[in-house]
Each structure stands twice: as C-alpha cells, then as structure tokens.
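*Asks:* This is the structure I want to talk about, given as structure tokens.
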Amino acid sequence: MTAPPFPCSPVPVSPEIRLTYVLQHFWQAYEAVPPVSIGYPSHQPQIEVAEAAGPFFEQQHPYPPAPTWRQWQGRTIPFFFDSAPDNPLIEWRPNGQAIIHADIISAAFYLLSGWQEYFSEERDQHGRFPYSASVQHRYNFVTIPVVNYYFDVLKTAVEHAIGQPLRLRRWAGKATWACCITHDIDNLYSAWKAPAKAALRQGNLRHFGRQLWQHFTTHDTWDNLSQVQQMVAEYGAKSTFFFLPEYRKAANGTPNADYNIQKVWAHAATAISSAEVGLHASVGTNTQGGQLKEEGHRLQRLRNGVKADGIRFHYLSWEPRITPGLLDELLYTYDSTLGFAEHFGFRNSYCLPFHPFDFQQRNAFLFLEIPLNVMDATLHHPRYLQLAPEEIAPALTPMLQEIERFGGVCTVLWHNENFDPANTHNGPQEFHTLMQYLCSRNPAFLHGQDIVLHLEAEK
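Using the UniProt record's numbering, the letters of the sequence shown correspond one by one to residues 1 to 459.
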C-alpha cells in the first residue's frame, strides 16, 4: 500500500526553522536553562553546530545518507549529517565557547519531525508507515532514544558555556521519570470466540457447544474493566482507558469494537470509576475529519458534555500528511498513537513528549504527542516479535533504562483482553512483571492529561 497524495507541495525547511523546532524541545527537556546562544556558524553563536545537511531538507527524499557512529556516554550512537567524523564530537574553545562537529540539529529534526514517514510512500496493509521501512530498523536503533543523546551532547556544551550543570526536568513529586499506563478497549464480549473456533476446527462439537452456552449464560472474561482498574491501582498507578465508539467494521473489513458504546457506557463508566477516558478513534478516522469529529462528539455526549483530552487511533493508524492537522483542528490536547506496532521502542527516537512538526506551516503543532513505547500485542503476535513470556522482561529492560536515564515518559498499552488469566503469553502475569519492575524504579504514574498540564506549568 502506498501513501495518499500530499495535501500540497511542501516548501524547503530552512536551517532556522529546524533550529527553532529542535531548541523548543531541548529547552523543555531541562530545568531553568540560562540564556546561551546556540546555532549554525553564520550566526556566530556561543555554541556552534556544524551545518552539514546540505540540500537534503530542500528536497523530498525520505532517507538521508547513512549515519556515522560515535561513542557518547558509553553508547555507540548513530549521527546523521556528520560530515567530519574524524573530528572530535565537541571542540572546546575559550570563554565558554564550543563547536559541535556533527549537525545534531538537523539530525534531531529529521528524527523528531518524522520526516522519513512524511516523505516515504511505504505503507502496510493497515495504511501505516511500517517499521521495516524505517531508519530505526535499517540501522538497528529503535530501542535507543537517539534524539535524547543528541540533546545530551548539546547539554554538555551548554554546561561548558554557563559553568554549571543542567538538570533534567522532574515530574510530579519530584520523580525523575514518569509512566503512563493505558488500555485500548477494543473488545469486551469476545473471550469465547477463540476457544470456540478452535473446538470447531478440531471437530469437538461438545466443547464448541459449551463455549457457546457460556457465552450466552455467563459473564464474559473480557468484560473486566473494574478488575483492570483495580489491578493497576494496586501498584499506586492509574489507568487511561481509550474507548472505541464504532462497532461496525471498517470499509475494508477491519474490525472495530465488539460492543456498542451507547449500550455499555453506564456499566463501563461505573467500572472504571474516576480513571481518565480517551477516544480510541476507529479505522479510517486518521484521514477522515468528519468521521473523527462525529466519534469524538459521540463519546462526549455519553460523558455529559465532557470532551476527551486525549486520543489514540485504532490499529495505531496514522497518516503523517493528514492526521496531525486533524488533531489540531479538533483541539485534542494530546495523542498517544506514535509507536511502531512491530517493535517496542521509540518511533521518533525520543523518550519525552513532543509537539509534532507541521510540514505545511513550518512550525510545531499545538497538541502534545506522548509516544507509545510498548504494546502487549507487539510482544507476542504472529506478525510481530513472538517473544516467549520469559523473554519479555529482559527484552524491555534496556529500553526502560534509557527512558529513566533521560527523565522520559514510558507509555504502556495493555489491552483489557490481555488481563484474561487464560492468556499465558502476554497476559496478566507478564503485566505484573512489568509493573513490578516499574515500581521498583520509582517513577511518577501519570495520566496523559497530567503530563500535558505538568509541561504547561513548567513553561
């Protein structure tokens, strides 16, 4: 599948625009940074960054030349737009001046803006930019928040200029990092289907009949929102539930919810108590503003006029040329869609919330992106990683350590259906193991809107 046509032909992104966008996020990552000039050589700044992107950002190529690899803080990090790899990364000058010999501004802009997926024509069967087409896959750094390492280089130069250390921003309760636990509510009444289909394939009509009987006479195991909310609360955390207002299949046959939200809302609202509610927008709404608006209104009416602040698209659908503009137009304060379905890690190579780049207006969108780092389906799925239960924690731990290292936000998606005790692959035990690790590292557990308000207050 290929991407839809451009909404309009973009104009070049100048060095000044790239610098403004990247520094906006750099200042947000640290506390109380004193004034210091950072820029390209033509500006004669105190901290000079090599300008090495050439004409790349005047064109529409999705991929830059291969990165060079440099050592920084004990890690081997890819540096795009590094035209002088034999030079030291930072050259110290008198009077607090410094030269950074790799163009970390352009490299950070390239990754943070999502340039590769905006200009790539590659899309998978669900219309998504695929992990297999990404530079993160090509150069094997999806679990490394490369932009945070670029910022760490810049921070080191700033510290030299101002003569004092910078501190990463703290979260609620002065926690050094944060976690956001979320649940997409796709299914509430379908726990019986898989065992029933298996029985039918095996010709075991008695077992099939038993499953069918239980479906009509007993409580469905996936109708478990109260248990999910309580289980998360036992860890001192809180849940965000993204509800899917559309139960009809998409035009291409892709399923949406297995429930009618109008019929189940009173029950669901009681089950989740005061947990945060977000919109889980249905298949196709990532490019259809009218449908997206209607689904938001549908959920808002059920909530007595209270609009959902946050959104995540079903199947993690995202069209970079259209979706962000719809979110700003409809005044959502945050989105939490941007993660690769095929692999845990960092889709934009950044472990903090950020404002996506508007390629039409050449500035940052207003809404905040709270990136998705790990989804339960990614860990064990026929088309994804197929990790054994004992492999999950060792696989995730290095990524979690990177988020903690840079004071980031770890966003977890665990579907309510995977709290089913019958799931022994990516089920409740694997969730418990993950939560036990997170709690041992003392993050702030926050809702999406908590994160938005915290960052607004820190400006």
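Glycine included, every Cβ here is placed at the ideal spot set by N, Cα and C.
1. Could you tell me if the beta carbon of P320 falls within a distance shorter than 8 Å of some heavy atom in the ligand GTP?
2. I'd like the span of the alpha helix (DSSP H) that includes E31, first residue to last.
3. In this structure, does DSSP put R75 in helix, strand or coil?
4. Please report the distance separating the alpha-carbon of L400 from that of F241.
5. Is it buried or exposed, R128, if we count other Cβ atoms within 10 angstroms and call 16 or more buried?
6. Give the C-beta separation of K174 and Y30 to the nearest angstrom, bearing in mind that I take them to be a contact with Cβ-Cβ under 8 Å.
7. Given T254, which residues of its chain have a CB within under 6 Å of its CB, disregarding the five upstream and five downstream residues?
8. List the DSSP bridge partners of V452.
9. Rounded to whole angstroms, what's the CA-CA distance from Q429 to S273? Just pull it up for me.
10. Under 9 Å between C-beta atoms, does F241 make it to chain C?
11. Give me, in chain order, the residues of the same chain whose beta-carbon lies closer than 8 Å to that of R123; leave out the 5 immediate sequence neighbours on both sides.
12. Just mark G114 as buried or exposed, buried being the case when its beta carbon has 16 or more other beta carbons within 10 Å.
13. DSSP state of W222, grouped into three classes?
14. Y139 and A108 look like a contact to me (Cβ under 8 Å); what is the Cβ gap, rounded to whole Å?
15. Name the one or two DSSP bridge partners that R312 has.
16. Taking its Cβ as the centre, do 16 or more other Cβ atoms sit within 10 Å of H297, making it buried, or is it exposed?
17. Are L455 and P324 closer than 9 Å when you measure CB to CB?
18. Within a Cβ cutoff of 6 Å, which residues of the same chain sit near W171, ignoring the five residues on either side of it in sequence?
19. Taking contact to mean at least 3 C-beta pairs separated by less than 8 Å, is the stretch 286-300 in contact with the stretch 384-396?
20. DSSP state of E58, grouped into three classes?
21. Going along the chain, which unbroken runs of the alpha helix (DSSP H) with 4 or more residues stay wholly within the stretch 391-444?
22. Taking H343 as part of the beta strand (DSSP E), name the residues at either end of that continuous run.
23. Should the stretch 96-110 be called in touch with the stretch 46-57, which here means at least 3 C-beta pairs below 8 Å?
*Replies:* With the structure as the only source:
1. In the structure on display, the ligand GTP does not appear, and there are no ligands present to speak of.
2. E31: not part of any alpha helix (DSSP H); DSSP gives it neither H nor E.
3. The answer is strand: DSSP assigns R75 an E or B state.
4. Taking the straight line joining both Cα atoms gives about 22 Å.
5. Buried is the call here.
6. Going by Cβ atoms, the distance from K174 to Y30 rounds to 15 Å, so no, they are not a contact pair.
7. Taken in chain order, the residues that qualify are V283.
8. Partner residues in a beta bridge of V452, as assigned by DSSP, do not exist.
9. Rounded to the nearest angstrom, the two C-alpha atoms are 24 Å apart.
10. This model lacks chain C altogether, as it is built from one protein chain only.
11. Short of 8 Å from the beta carbon of R123, and not among the five residues preceding or following it, lie these beta carbons of its own chain, in chain order: M1, T2, A3, F129, P130.
12. With 16 or more other Cβ atoms from the protein chains shown falling within 10 Å of its own Cβ, G114 counts as buried.
13. DSSP places W222 outside both helix and strand once states are collapsed to three, so it counts as coil.
14. At roughly 16 Å, the Cβ-Cβ gap does not stay under 8 Å, so Y139 and A108 are not in contact.
15. R312 is bridged to H280.
16. By the neighbour-count rule (16 or more Cβ atoms within 10 Å), H297 is not buried but exposed.
17. Judged by beta-carbon spacing, P324 lies beyond the 9 Å limit of L455, meaning their Cβ atoms are not closer than that value.
18. Only A178, A444 meet the Cβ criterion.
19. Contact between the stretch 286-300 and the stretch 384-396 is absent, because fewer than three Cβ pairs lie under 8 Å.
20. Three-state result, E58: helix.
21. The qualifying runs are 428-440.
22. First-last for H343: undefined, no H or E at that position.
23. In this structure the stretch 96-110 touches the stretch 46-57; the number of beta carbon pairs closer than 8 Å is three or more.
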